[in-house]
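Visitor: Dropping a structure here in structure tokens format, bear with me for questions.
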Amino acid sequence: MQRRTSIHGEWSSRLIFILAAAGSAVGLGNVWKFPYITGENGGGAFVIVYLACIAAIGIPIMMAEIMLGRRGRQSPINTMRVLAVEEGAHPGWRYLGWLGVVSGFFILSFYSVIAGWALAYVFYSGAGLFAGADAEAVGSLFEELVSSPERLLAWHTIFMVVTTAIVSRGVAGGLERAIRYLMPALLVLLLVLVGYAMTTGHFGEGLAFLFSVDFSALDQDGLLVAMGHAFFTLSLGMGAIMIYGSYLPAGASIGRATLAIAVMDTLVALLAGMAIFPVVFANGLEPGAGPGLIFETLPLAFGAMPLGGLFGTLFFILLSFAALTSAISLIEPAVTWLVENRGQSRVRAATWVGIAIWVLGLGTVFSFNLAAEVKLFDKTFFGILDYLTANIMLPLGGLLIALFAGWRMSRQSSDEELALGPMYNAWLWLIRVVAPIAVVFIFLDAVGLLDRISALF
Ligand code: TRP
Numbered sequence: 009m010q011r012r013t014s015i016h017g018e019w020s021s022r023l024i025f026i027l028a029a030a031g032s033a034v035g036l037g038n039v040w041k042f043p044y045i046t047g048e049n050g051g052g053a054f055v056i057v058y059l060a061c062i063a064a065i066g067i068p069i070m071m072a073e074i075m076l077g078r079r080g081r082q083s084p085i086n087t088m089r090v091l092a093v094e095e096g097a098h099p100g101w102r103y104l105g106w107l108g109v110v111s112g113f114f115i116l117s118f119y120s121v122i123a124g125w126a127l128a129y130v131f132y133s134g135a136g137l138f139a140g141a142d143a144e145a146v147g148s149l150f151e152e153l154v155s156s157p158e159r160l161l162a163w164h165t166i167f168m169v170v171t172t173a174i175v176s177r178g179v180a181g182g183l184e185r186a187i188r189y190l191m192p193a194l195l196v197l198l199l200v201l202v203g204y205a206m207t208t209g210h211f212g213e214g215l216a217f218l219f220s221v222d223f224s225a226l227d228q229d230g231l232l233v234a235m236g237h238a239f240f241t242l243s244l245g246m247g248a249i250m251i252y253g254s255y256l257p258a259g260a261s262i263g264r265a266t267l268a269i270a271v272m273d274t275l276v277a278l279l280a281g282m283a284i285f286p287v288v289f290a291n292g293l294e295p296g297a298g299p300g301l302i303f304e305t306l307p308l309a310f311g312a313m314p315l316g317g318l319f320g321t322l323f324f325i326l327l328s329f330a331a332l333t334s335a336i337s338l339i340e341p342a343v344t345w346l347v348e349n350r351g352q353s354r355v356r357a358a359t360w361v362g363i364a365i366w367v368l369g370l371g372t373v374f375s376f377n378l379a380a381e382v383k384l385f386d387k388t389f390f391g392i393l394d395y396l397t398a399n400i401m402l403p404l405g406g407l408l409i410a411l412f413a414g415w416r417m418s419r420q421s422s423d424e425e426l427a428l429g430p431m432y433n434a435w436l437w438l439i440r441v442v443a444p445i446a447v448v449f450i451f452l453d454a455v456g457l458l459d460r461i462s463a464l465f
């Protein structure tokens with residue numbers, strides 16, 4: 009096949025791709041979301057299912073997404089359109105690209121609000137508000153922040169403006185260099201936090217919570233949340249990794265890149281868990297406290313450790329930055345599509361998409377204060393968006409990607425693009441059978457169908 013090139017540019021090396029994709033994967037999902045949903049779902053059993061989903065579903069699907077992106081070399085919508093033609097598949101496959109764009113809008117609209125919390129905490133820490141604070145003081149600091157629509161709105165606006173400005177310039181620019189240093193720095197600070205957690209006297213309890221497996225603590229919804237989080241944390245199922253794959257130079261190994269990204273992402277999440285739960289137990293806090301969990305626990309750690317003000321400030325700067333590199337990948341598929349199909353400049357395209365997401369984000373801003381009591385299925389606006397995207401839209405997108413890559417694409421094309429050698433058959437088996445069946449099984453389980461079927465026997 010004649011190789012295509014992307015009109016949006018290319019990464020300058022394979023390492024840069026790994027860093028950018030890891031920058032997309034590592035974000036609030038690892039540090040903010042993983043600990044709080046682990047806490048809500050009882051710990052060890054949830055963690056094991058999440059790890060199994062990363063290995064059996066996430067890794068093969070990530071390889072498929074990168075592969076499709078590199079072969080199509082366009083926005084996910086156009087990539088799916090072109091590949092469908094090329095592989096003789098139904099033109100309807102392009103709607104997979106659309107599903108991804110909508111998922112990206114929904115996710116970034118609340119992601120930006122949470123990133124705003126991290127930004128606010130940079131200043132709280134810098135102002136010395138954590139020094140010597142107890143659980144009650146730290147809890148009311150968080151309450152004060154989220155109960156103020158003005159403040160949440162201001163931080164959300166700042167975060168969206170920065171994201172849009174960077175995406176306007178193209179992702180292969182200055183960001184590349186920054187990720188190279190900031191990501192390792194985040195890892196180091198997480199290690200510092202784990203070091204502090206070891207001094208709390210509750211480290212063992214934290215580890216036991218994370219790693220001792222008790223399946224009776226995990227219900228069907230927990231199973232779905234664990235799978236959904238595997239997609240969310242690896243940025244899968246919406247085209248973010250696909251668009252990054254479209255900038256990957258030909259000939260770079262997709263298999264090795266994927267493993268590196270998945271390992272790094274998982275490591276960050278587990279370290280975050282190991283830093284947080286000992287502090288939770290040492291202070292008699294509730295593991296299932298919800299979305300505020302890290303904002304109500306980490307300040308206690310920074311408040312009690314030497315140089316905590318400095319470490320805390322740095323930590324929240326790095327977390328904000330990690331959120332930024334994830335946000336960029338959430339908005340990029342829509343922006344590239346506008347550039348390709350509407351002939352808009354990157355700046356215009358990014359501005360329009362940014363404004364639309366900002367407006368949608370107002371729903372999340374108010375869901376923590378003015379509209380906190382407005383609920384559907386017992387969930388606020390934020391809760392619904394989060395649940396719908398992570399647990400339904402991303403796994404559905406991922407399932408369709410697996411089916412396309414495994415069954416619609418010719419083996420010749422995928423073999424050529426992946427160049428996995430003897431591992432190709434293992435990948436093919438995972439993408440054709442294991443990943444789709446696992447996703448469908450967990451979906452059916454979550455709506456109670458498996459119970460009803462097994463009741464028949
Ligand atoms: N993976 C990121 C995190 O864990 C969030 C993210 C970025 C994402 N791009 C995505 C999630 C695409 C789903 C799809 O914070």
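According to my numbering, the stretch in the sequence shown is residues 9 to 465, in order.
For each residue, glycine too, the CB sits at the ideal point set by N, CA and C.
(1) Let me check one thing: in DSSP terms, what residues is residue 384 bridge-paired to?
(2) Examine the ligand HEM and report whether any of its heavy atoms sits within less than 7 Å of the Cβ of residue 399.
(3) Does the stretch 115-130 come close enough to the stretch 271-284 to have 3 or more Cβ pairs within less than 8 Å?
(4) Tell me, please, whether the stretch 389-405 touches the stretch 238-246 by the rule of three or more beta-carbon pairs shorter than 8 Å.
(5) Nearest to residue 391 by CA position, among 117, 437, 216, is which residue?
(6) Enumerate in chain order the residues of its own chain whose CB-to-CB distance from residue 150 is below 6 Å, with the five nearest sequence positions on each side excluded.
(7) Hey, would you say residue 39 sits closer than 8 Å to residue 297, going by beta carbons?
(8) Among all residues, which have a Cβ less than 6 Å from at least one non-hydrogen atom of the ligand TRP, and in what chain order do they fall?
(9) Quick one: give me the first and last residue of the alpha helix (DSSP H) that residue 412 is part of.
(10) So what's residue 207 in DSSP terms, helix, strand or just coil?
(11) Please classify residue 86: does DSSP put it in a helix, a strand, or coil?
(12) Which same chain residues, not among the five before or five after residue 375, have their C-beta less than 6 Å away from its C-beta?
(13) For residue 426, which of 157, 29, 69, 224 has the nearest alpha-carbon?
(14) Checking 8 Å against the spacing of the C-beta atoms, do residue 238 and residue 61 come in under that value?
(15) Suppose the cutoff is 6 Å on Cβ atoms and the five residues either side in sequence are ignored; what does the same chain contact list for residue 48 look like?
(16) Give the secondary structure of residue 38 by DSSP, where H, G and I count as helix, E and B as strand, and everything else as coil.
(17) Three-state secondary structure (DSSP) at residue 425?
(18) Quick check on this structure: which residue in 202, 257, 378 has the alpha carbon closest to the alpha carbon of residue 24?
(19) Using the beta-carbon count (16 or more within 10 Å), is residue 83 buried or exposed?
(20) Would residue 133 pass as a contact of residue 324 if the rule is Cβ separation under 8 Å?
(21) Using only the alpha-carbon positions, how far apart do residue 136 and residue 309 sit?
(22) Quick check: the Cα distance between residue 113 and residue 358, rounded to an integer number of angstroms?
(23) In this structure, how does DSSP classify residue 417 when only helix, strand and coil are distinguished?
(24) Pick helix, strand or coil for residue 68, following the three-state DSSP scheme.
(25) Might you give, ordered along the chain, the residues of its own chain that have their beta carbon closer than 7 Å to the beta carbon of residue 45, omitting 5 neighbours on each side?
(26) What residue range is occupied by the uninterrupted alpha helix (DSSP H) comprising residue 257?
(27) Rounding to the nearest angstrom, what Cα-Cα distance links residue 32 and residue 342 in this structure?
(28) With the cut-off set at 8 Å, would you say residue 286 and residue 210 are in Cβ contact?
(29) How would you write the range of the alpha helix (DSSP H) that residue 314 sits in, first residue to last?
(30) Assuming residue 409 contacts residue 107 under a Cβ cut-off of 8 Å, what Cβ separation, rounded to an integer in Å, is found between them?
(31) Cα-Cα, which of 80, 120, 253 is closest to residue 22?
(32) Tell me which same chain residues have a C-beta within less than 6 Å of the C-beta of residue 260, skipping the five on either side of it?
(33) Quick one, are the C-beta atoms of residue 52 and residue 217 less than 8 Å apart?
(34) Quick check: what's the CA-CA separation for residue 173 versus residue 371?
(35) DSSP state of residue 11, grouped into three classes?
Guide: Walking through what the data contain:
(1) Residue 384 sits at position 376 when you count from the first residue of the sequence shown. Partner(s): 387.
(2) Questions concerning the ligand HEM fall outside what the structure shown contains, since the ligands it does hold are the ligand TRP.
(3) Contact fails: fewer than three Cβ-Cβ distances are below 8 Å.
(4) Contact between the stretch 389-405 and the stretch 238-246 is present, because at least three Cβ pairs lie under 8 Å.
(5) As a position in the sequence shown, residue 391 is number 383, starting the count at 1. Taking only the C-alpha atoms, the option nearest residue 391 is 117.
(6) Walking along the sequence shown from the start, residue 150 turns up at place 142. Around residue 150: 300, 303, 304.
(7) Start at 1 with the first residue of the sequence shown, and residue 39 comes out as number 31. Start at 1 with the first residue of the sequence shown, and residue 297 comes out as number 289. Not in contact: residue 39 and residue 297 (Cβ atoms no closer than 8 Å).
(8) Any heavy atom of the ligand TRP within less than 6 Å of a residue's beta carbon puts that residue on the list, which reads 32, 33, 35, 36, 37, 38, 115, 240, 241, 243, 246, 248, 334, 337, 338, 402.
(9) Translated into positions along the sequence shown, residue 412 becomes position 404. Membership of residue 412 in any alpha helix (DSSP H) is not indicated, and neither H nor E is assigned to it by DSSP.
(10) Your numbering for residue 207 matches position 199 in the sequence shown. The answer is coil: DSSP assigns residue 207 none of H, G, I, E or B.
(11) Looking up residue 86 in the sequence shown gives position 78. Helix.
(12) Your numbering for residue 375 matches position 367 in the sequence shown. Scanning its chain for C-beta atoms nearer than 6 Å, with the 5 sequence neighbours on each side dropped, one finds around residue 375 the residues 388, 389, 390, in chain order.
(13) To locate residue 426, count along the sequence shown from 1; it is residue 418. In terms of CA proximity to residue 426, 69 leads the group 157, 29, 69, 224.
(14) For this step, residue 238 is matched to residue 230 along the sequence shown. For this step, residue 61 is matched to residue 53 along the sequence shown. One thing to note: residue 238 has its Cβ within 8 Å of the Cβ of residue 61.
(15) Indexing the sequence shown from 1 puts residue 48 at position 40. Once the five neighbours on either side are set aside, the close Cβ partners of residue 48 are 296.
(16) By 1-based counting over the sequence shown, the position of residue 38 is 30. Residue state, collapsed to three classes: helix.
(17) As a first step, residue 425 is located in the sequence shown; it is residue number 417 there, counting from the start. Residue state, collapsed to three classes: helix.
(18) Translated into the one-based positions of the sequence shown, residue 24 becomes position 16. Closest by alpha carbon: 257.
(19) Here residue 83 refers to the residue found at position 75 of the sequence shown. It counts as buried.
(20) For this step, residue 133 is matched to residue 125 along the sequence shown. For this step, residue 324 is matched to residue 316 along the sequence shown. Yes. Within cutoff.
(21) Looking up residue 136 in the sequence shown gives position 128. Looking up residue 309 in the sequence shown gives position 301. Straight-line Cα distance between these residues: approximately 13 Å.
(22) Here residue 113 refers to the residue found at position 105 of the sequence shown. Here residue 358 refers to the residue found at position 350 of the sequence shown. Rounded to the nearest angstrom, the two C-alpha atoms are 12 Å apart.
(23) Numbered from 1 along the sequence shown, position 409 holds the residue referred to as residue 417. The answer is coil: DSSP assigns residue 417 none of H, G, I, E or B.
(24) Translated into positions along the sequence shown, residue 68 becomes position 60. Note: residue 68 maps to helix in three-state DSSP.
(25) Your numbering for residue 45 matches position 37 in the sequence shown. Correct list, in chain order: 233, 237.
(26) Against the sequence shown, residue 257 aligns to sequence position 249. Per DSSP, residue 257 belongs to no alpha helix (DSSP H) and is neither H nor E.
(27) By one-based count along the sequence shown, residue 32 stands at place 24. By one-based count along the sequence shown, residue 342 stands at place 334. The alpha-carbon of residue 32 is positioned some 16 Å away from that of residue 342.
(28) To locate residue 286, count along the sequence shown from 1; it is residue 278. To locate residue 210, count along the sequence shown from 1; it is residue 202. Contact annotation: residue 286 and residue 210 have beta-carbon atoms nearer than 8 Å.
(29) On the sequence shown, position 306 is the one that residue 314 refers to. Per DSSP, residue 314 belongs to no alpha helix (DSSP H) and is neither H nor E.
(30) On the sequence shown, residue 409 is found 401 positions in, with the first residue counted as 1. On the sequence shown, residue 107 is found 99 positions in, with the first residue counted as 1. Not a contact, Cβ separation roughly 10 Å.
(31) Translated into positions along the sequence shown, residue 22 becomes position 14. When only C-alpha atoms are compared, the closest one is 253.
(32) For the purposes of this step, residue 260 is taken as the residue at position 252 of the sequence shown. Closer than 6 Å at the Cβ level, and outside the excluded window around residue 260, lie 22.
(33) One-based indexing of the sequence shown puts residue 52 at position 44. One-based indexing of the sequence shown puts residue 217 at position 209. Against a cut-off of 8 Å, the Cβ pair of residue 217 and residue 52 comes out as a contact.
(34) Position 165 of the sequence shown, counted from the first residue, corresponds to residue 173. Position 363 of the sequence shown, counted from the first residue, corresponds to residue 371. Rounded to whole angstroms, residue 173 to residue 371 spans 23 Å at the Cα level.
(35) Looking up residue 11 in the sequence shown gives position 3. Here residue 11 sits in coil by DSSP.
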